[in-house]
Structures are given as C-alpha cells and as structure tokens.
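Protein chains: 6
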Amino acid sequence: MIFRTQFFEDYVTGEQRETFGRTITEADIVTHAGQTGDFFPHHMDAEWCKNQPFKQRIAHGTLTFSVAIGMTATEINPEAFSKGYDRLRFIKPVYIGDTIRVTIVISEKKESKKPRFGQVTEHVEVFNQKNEIVMVCDHILLANKKNEE
Amino acid sequence: MIFRTQFFEDYVTGEQRETFGRTITEADIVTHAGQTGDFFPHHMDAEWCKNQPFKQRIAHGTLTFSVAIGMTATEINPEAFSKGYDRLRFIKPVYIGDTIRVTIVISEKKESKKPRFGQVTEHVEVFNQKNEIVMVCDHILLANKKNEE
Amino acid sequence: MIFRTQFFEDYVTGEQRETFGRTITEADIVTHAGQTGDFFPHHMDAEWCKNQPFKQRIAHGTLTFSVAIGMTATEINPEAFSKGYDRLRFIKPVYIGDTIRVTIVISEKKESKKPRFGQVTEHVEVFNQKNEIVMVCDHILLANKKNEE
Amino acid sequence: MIFRTQFFEDYVTGEQRETFGRTITEADIVTHAGQTGDFFPHHMDAEWCKNQPFKQRIAHGTLTFSVAIGMTATEINPEAFSKGYDRLRFIKPVYIGDTIRVTIVISEKKESKKPRFGQVTEHVEVFNQKNEIVMVCDHILLANKKNEE
Amino acid sequence: MIFRTQFFEDYVTGEQRETFGRTITEADIVTHAGQTGDFFPHHMDAEWCKNQPFKQRIAHGTLTFSVAIGMTATEINPEAFSKGYDRLRFIKPVYIGDTIRVTIVISEKKESKKPRFGQVTEHVEVFNQKNEIVMVCDHILLANKKNEE
Amino acid sequence: MIFRTQFFEDYVTGEQRETFGRTITEADIVTHAGQTGDFFPHHMDAEWCKNQPFKQRIAHGTLTFSVAIGMTATEINPEAFSKGYDRLRFIKPVYIGDTIRVTIVISEKKESKKPRFGQVTEHVEVFNQKNEIVMVCDHILLANKKNEE
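Below you can see the structure in the form of structure tokens.
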C-alpha cells in the first residue's frame, strides 16, 4: 500500500495492472455470511447444493466483489476518489478452492459534471485459475484536474 | 429466510419492502479489512483520519454494499437469479456507530435477451439513522416466465 | 427476519416449523473456540482425536446449540420473550462437514406464575444429514395474554 | 487447560470453583451474530434498542451461555463427559462492556440409568461486575465409577 | 488459566512443561492474514504455491509464533512479566492440517540489570505431528526476588 | 503488495522505510485472543485491569508483533527469506485506540554460514501516536548473492 498521486491528466487509457492471486476458502464464505447475514443455502448448505445445477457451495457475489476490489487496493491516490461501480456482473460461480486474480485497465476518460474533476473508468475483470472470467465491473473514479488546483 | 416462488409475471412494479436496521460497528470494519485486505488508512488509521475532510474512520464501500445486500437476503426465489448490479453509488460516508436500513422497490420490468426470462430491476436505497441516503444501486434479476416452463 | 405478533392464545400446540440446512465447517469450530476460549483437544487437535472413540474433531456442544438456535431466529414476536432452555441434550457428535437442520414444534402451553403471561414450550430437534437426531432441547417462552393488555 | 482424572467417587458435593472475568465486547456480539445468523435488532440495531425497555444492545442468550461455559473449560476429565444442561435461565441482560465471571458448585450426585456411570450436577452461575446473577444453568455430567473399570 | 505465584527463586533450571496439540487450519491462516494484513501468496494463493519449493500454502511465521505462545498461556504469575523474545527461528514450514505442540524448559536464570528482578529464560520449542521442530525461541521473563519485597 | 527483486548486494545499510498507521481496536484484541487462546485478564477483563498498574486492557505482545510485521509486508523479494527475529522487546503497553506505525532500517549486512547467502538485519521500531516506541525487534533475512546464481 503506497501513496501515488495521479491527476486526471496522469491516467492513460489502456494502461493495465494485475493483482496476485488469492484462493477463496470455505473460511472466507463462512466469514462473509457472518458479516452480511446472508446464510442462503447456496453458500451454507452443502447437502442442498448437491441437488442444484452448481452441485457445490458457491461464494456470495458480494464476497467475490469485495475480495476482488480489496485485492486492487494497493495504491492510495489523494487526487481521486471512488464514485461507484457500473455494470457489475457475476459471470460464473466461484467455488471453494478457486483462486482468483484481478486485472484492471483504464477503459475511459471523460469530463464530469463538475469541471474541476475528470471521470476515469477502470474496467475490472476477475479470473479464476482456469483463466475464466467470473466477474466484471466498471469502477468509476473522479480525479482532480491539474489546472484546477 | 424463506422460500417464496415468484415468476416474472408475479413481480409488481412499485412494490416496496424495507429491512430492519443494523448498526455498523468498528468490529465490522476490522472484519471487512481482514476479509478483503483493504487496510487503507481511511478505514484503519484514526489519527490520519483526523486530518481528512471526513475526520474519522469510514466504512469501506464494499462493506456498506455487502451488508446492505445481505440485509435484504430474506427470501429465496427459486425462479429468479441475480445477474448483477448497476449504478452502485456511494453518496455519503458511513461512520462507526451509524445504523443503516435498506429499502427495495421494484423499479422496472422488461424483456431480456433470452425469451424465457424477464429482467426485473430492484432499486436499492440505503439510509442512515438521520434518514440520509448513503448508498444506492440497481439490482438486476432474471426471472423465469410462467409460460416458458 | 420478520415481525410476527403472537399472543399466548395464538400459539397452537403441535404446530411445527423447519429450518434450512447449514453445514458445520472447520471454520465454525475455529471461530467458536476463539469466541469461547474452549480449545479442548476434542475440537482442536486432529491428531489426539484419532485415538479417541469419535476418531475426528467434533463441534463444541455450545456451537451446535448456538447455531441451531440461531437458525430458528427468523421471526420477532414482540409479545413474547425467551425465559430459557430445559433438557438440552447432546445425543450424537457433530463432525466437520455435517449439515444440520432444525425442527421446532409447540409442545406445551400452560399458565405461568405471573397471570398476564402464559408459558409456551417449543421442542427443538436438531438433525444431521443422515436424519439422526444430534441435539434436543425445550425452549421456554413467556407470551403476553390478549385479555391482559 | 490441564488433564485431571476424576471418577464419580472423586466429585465432592459442595465443592466450588470460580473463573476469571471476561468483558463482553461489541466485537463479541458481532462475531456471535455472524456465527449464528441471529441478527435480531436486540443485538444489532442500536437505534431500535433506544426505544426498547433495555435501551441498548444486549448480548445473545447463546453468547452469554457459550462464553460462560467456555470460561469454565479449564480441566479435561477423561473419566466424565457432558450429557447436557438443565434449567438454563437468562436472569438479566448482559450489555456491551459488562464483565462476567462464573462460579460452579457440585450441587448433586446420583445414580444414573447405566450402572457404570454416576450423574454429577454442576450448578453454574454467571455474575456481572455489579455482582448480579445474569444467567444460571445446571450442567449434567456422567462420570465413570471406579469399581466399574 | 490459573494464578500461580513464582518468585525468581522458585524457577528451577531444567524444569519442563508441554502443551496439548493444536491443528493449524486453513481458517487460522485466513484469520491471521485478516488480522495482520499479510496476504502474501505464500499463505493465500494455492495456485502460486504449487510452483514453489514448499508446494502448498504455509502458515505465517507470526501465526505459528502467536499460536504457540498462546498455547503456553495457562498460568498467570503476578511476580513476573514478559520482557521479550530472543532467537526466534522458523525451522520448517507449518502446513494446513499440521498439528503443533509446544515444550518449554527453564533454560537459564541470571541477574538482571535491576537488582530486584532476576531474569529467567524459557526455551520454547514447537513440534509438528511428525515430531519435527518447526520453531524455536527464547522467552525472557523478569521475576521479582523474594528478598526484595 | 509488489514483487521487488533484491539480492544481498542490493540492500543498503541505513536505508529506511515507514508504514502507514493502524489503530489497534478492541476487535483486534478479541480476535487475537480467539486466534491464540490467550484470554489472560490483562487483555480481556476490563474490571480486573482497573486495579492493575496499566489501568486498562492492553494488547497481547504477539498481537502488536504480528500486526507490526504484517504492516511491513508490502514487497515480496524472491531472492530473500526470513530466518527469524532477534531482540524482540515490548517497551510500552499498547492500549485500545492507540495507533501504531512501523519504521524499518537496514541495520546490518554480513556473511552468513552458507556462502551463497548474505545475512541482512532489518531493525524494526513500532511507535504509537505519541511517537513513543512501544516495540522493537531485529528481523533477520538471508538474501541470495548475485555471483552465486
């Protein structure tokens, strides 16, 4: 975790970074159920899951999302802040024992409603160990412009 | 947590439900940092926060989102599944000790790409104890159509 | 979790409900040891357990009890409160990977010492995935009487 | 945690022991909700509690019970095992910040149904820092008899 | 956990004690990563580990140390306090599923800089289930002298 | 968390780095007690602590150590590994609400027993928000030499 100052002008469309991997464990699912209160049988009942199309317990969508976003939290940019997320989609289930890694690419830069900020979109893709995409989203940042200081 | 079968036709635009409240604690933030690996000083360093505009530690966006969505996880509908989320926006910070509750309204129904499903949008709003909106998003569901069984 | 107002008169002897299942994981046992401080080798030492009659680590009795009671916590009745539990018995060990579910039946209604309350007994049975009873207890409730309001 | 072999004959009615204290924290309640899935507003919603008779969040009964029993788990007796608990009663609420300690007295010894065991009852009392009893129960043990070896 | 008063004079060089065993679980590693923020792939990425010499995820050094020291925390001596640790060495990896136990021997007694204390060294050895030493350290205590009271 | 290859020759004596701060919370202490099994009243019993010289609950030494070392876990050097720690000393108590940060300086480089490694010592100092040193230790690394590849 480091400070890295980046103004709107410093973001380069197409620039990409990739995280380490992280194995999603049974303990992660149990902890996430405990944090969120979502004890749906899809995540907690191995017997029930045996008769479902996915056959085994699957990670909560919010777990995959939270861990994936956390994995990208390596740089603090004091000139930008998170506005939110768009087009968050769960493409494939994440099972216990799957190892995910995340790629981020600067996919768009554009003016924002407020002239002193520019809007930067980071396209986030989460892959499992088979290189299948399991989740995508667009992270929307507002970044200060240099000439607006 | 109960089973409640709802086909696409059974969803009624404008129908609303509301959750109980839940107080976001320091323990929740510590647990979420531990689950996600996001130890940014915004969440973990009370001294650093004193000199920031928000003055005190704030909940991770992914924490507010995960807990809010978890709070709505009360009914299992075997005829629908979650496609993802749109327009997730963090409107105001959530502080330690804030109590959030969630309202959900069926905001849209439309055809999906696959004819046997319809797409249902639940608009999710998260309020704090001062009745301020702190987070919004649109939950996108795909629900089976009755006549497609 | 919903509000459902039930006076003493509204409870019907013989009425039954059943929960979803939940798989008891190694993470649950580790968390419970951590919460209670009970690190007895029965729960924490896989090597020692190999030479015991039960051959493998077993869930704490208080874990099975707490999770089972938590699984039934789906309805808040503002007209009743919990007085305690009787005849809590651990019938069979719960192992890592076992999936438990809970049935509750209203087994008794009677006058209480205080005339404005009636005493309701819920008989609680916990089953594993082989349909064996692993735990039983009687939950004692005091419920307001309608005519005492 | 030590081994201490005690046969039925070795238990002495009236013998008493007392634990250290332990402060029940907000983190304990959050962890217990997460372990059990019981997110009732009595434990989790500080705003709702303000309008209840108890005015503030209270510990789950199963939390007080589990922690209290865990506090007594200091000696492993290979000649006895836990049969269950009787007359578990929650006398007073346990609030965040309360410090509990536990006393145990051998309150009864009697024959059991199986001749090679005797039944021992430990009466358990849980006190808060004001020396008020908050919980009681009877722990039922079956202990091997010496002459039955 | 018991009180046991021991002055400097009461410690006997060569005296030894041994703990119960404890199985190190995946949940322990996940919890420790979450507590410390150390999400290095050695502990968290099962795929990456497959290509490392150790082939599988290993416990954090600080986890093995913390758990081992915690396992020895059975007696509170009001006449001594911990000064620190010397020569902490990680000899062999601890893998998920390994069961560790700890031996402690009083290895040295000597005068300390302050005349009213003596310095006691406890040599700590941590073994796995194959009886291999995985960690060692020297725990340095300062204990009050009797004649200094 | 990034990869940064450093051979023995690349380490520069006197080079220093500093971490962000992290506030030690009650939840951290509760979690650490739960992970280690150390429920000593120094950490868990607020009432007992009132009558001790330190007046309030204090962090476990192993907690301060584990968190401090975890805070420095930002760079993975595939050419070095951790041998252990020397002279770990707890200088001042860490209280709930204290914010710690860590400085690391390369304090020594020397030959190791095995000619292909050099031994690097990182001197670690942990400060609280008053800039008082609360803990120190020496981290001993073995690093590959370039000419030994």
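Protein chains in written order, with the numbering used here: chain A, 1 to 149; chain B, 1001 to 1149; chain C, 2001 to 2149; chain D, 3001 to 3149; chain E, 4001 to 4149; chain F, 5001 to 5149.
Note that CB positions come from ideal geometry on N, CA and C, so glycine has one too.
- When the Cα atoms are used, Asp4098 (chain E) and Thr64 (chain A) turn out to be separated by approximately 28 Å.
- Between His5043 (chain F) and Arg5057 (chain F), the C-beta gap is smaller than 8 Å, which places the two residues in contact.
- Close CB contacts of Glu79 (chain A) within its chain, under the 7 Å cut and outside five residues either way in sequence, are with Thr5, Gln6, Phe7, Ala143, Asn144 (chain order).
- In the three-state reduction of the DSSP assignment, Asp1038 (chain B) falls in the coil class, being assigned neither a helical nor a strand state.
- In this structure, B:Val1126 is the residue among B:Leu1141, B:Ile1140, B:Val1126 with its C-alpha nearest to the C-alpha of Gly1061 (chain B).
- The beta carbons of Phe1040 (chain B) and Ile76 (chain A) sit closer together than 8 Å.
- Following the DSSP letters along the chain, one finds Ser112 (chain A) in no beta strand (DSSP E), marked with neither H nor E.
- For Lys5114 (chain F), there are no CB contacts under 7 Å within the same chain when 5 residues up- and downstream are skipped.
- DSSP places Ala3059 (chain D) in no alpha helix (DSSP H); its state is neither H nor E.
- Beta bridge pairing from DSSP links His139 (chain A) with A:Tyr85, A:Glu122.
- Annotation: the continuous beta strand (DSSP E) that includes Glu1018 (chain B) extends over 1016–1018.
- Close to Pro5041 (chain F), with beta-carbon spacing below 7 Å, are these residues of chain D in chain order: Phe3020, Gly3021.
- For Val2124 (chain C) and Trp3048 (chain D), the gap between their C-alpha atoms comes out near 29 Å.
- When C-beta distances to chain C are compared with 7 Å, the residues of the region 3052–3077 of chain D below that value are Gly3061, Thr3062, Phe3065, Ser3066, Val3067, Ile3069, Gly3070, Met3071, Ala3073, Ile3076, in chain order.
- Taking 8 Å as the CB threshold, Asp3038 (chain D) stays off the interface with chain B.
- DSSP, read as helix, strand or coil, puts Thr4031 (chain E) in helix.
- Taking CB atoms only, Tyr1095 (chain B) has no neighbour in chain A less than 8 Å away.
- As the crow flies, the alpha-carbon of Ala1059 (chain B) is around 16 Å from that of Ile5024 (chain F).
- Asn3147 (chain D) counts as exposed, since fewer than 16 other beta carbons sit within 10 angstroms of its beta carbon.
- The C-beta distance from Thr74 (chain A) to Met1 (chain A) rounds to 6 Å, short enough to meet the 8 Å contact threshold.
- Between Gln5129 (chain F) and chain B, the shortest Cβ-Cβ separation is below 8 Å.
- Beta-bridge analysis with DSSP links Thr3103 (chain D) to D:Glu3018, D:Glu3125.
- In this structure, the beta-carbon distance from Asp1086 (chain B) to Arg116 (chain A) does not fall below 8 Å.
- When DSSP states are grouped into helix, strand and coil, Ile69 (chain A) belongs to the helix group.
- Counting C-beta atoms within 10 angstroms of its own C-beta, Phe1081 (chain B) has fewer than 16 neighbours from the protein chains shown and is therefore classed as exposed.
- In the DSSP annotation of this structure, Glu2009 (chain C) is not part of any alpha helix (DSSP H), being labelled neither H nor E.
- For His1032 (chain B), a Cβ of chain A is located within less than 8 Å of the residue's own Cβ.
- Only buried fits Lys1083 (chain B), as 16 or more other CB atoms lie within 10 angstroms of its CB.
- Between Val120 (chain A) and Ile106 (chain A) a beta carbon distance of about 6 Å is seen, short of the 8 Å cut, so the two are scored as contacting.
- In the three-state reduction of the DSSP assignment, Asn1051 (chain B) falls in the coil class.
- Within chain A, not a single residue places a beta-carbon under 8 Å from that of Ala2046 (chain C); the smallest gap is close to 16 Å.
- Neighbours of Ala2027 (chain C) across chain E, judged by C-beta separation under 9 Å: Thr4025, Glu4026, Ala4027, Val4030, Thr4031.
- For Thr13 (chain A), the nearest beta carbon of chain E is not closer than 8 Å to its own beta carbon.
- If you compare the alpha carbons of F:Glu5108, F:Met5135, F:Cys5137 with that of Asp5010 (chain F), the shortest gap goes to F:Glu5108.
- Rounded to whole angstroms, the gap between the alpha carbons of Gly5034 (chain F) and Ala4033 (chain E) is 14 Å.
- Glu26 (chain A) sits in a helix when the DSSP states are folded into three classes.
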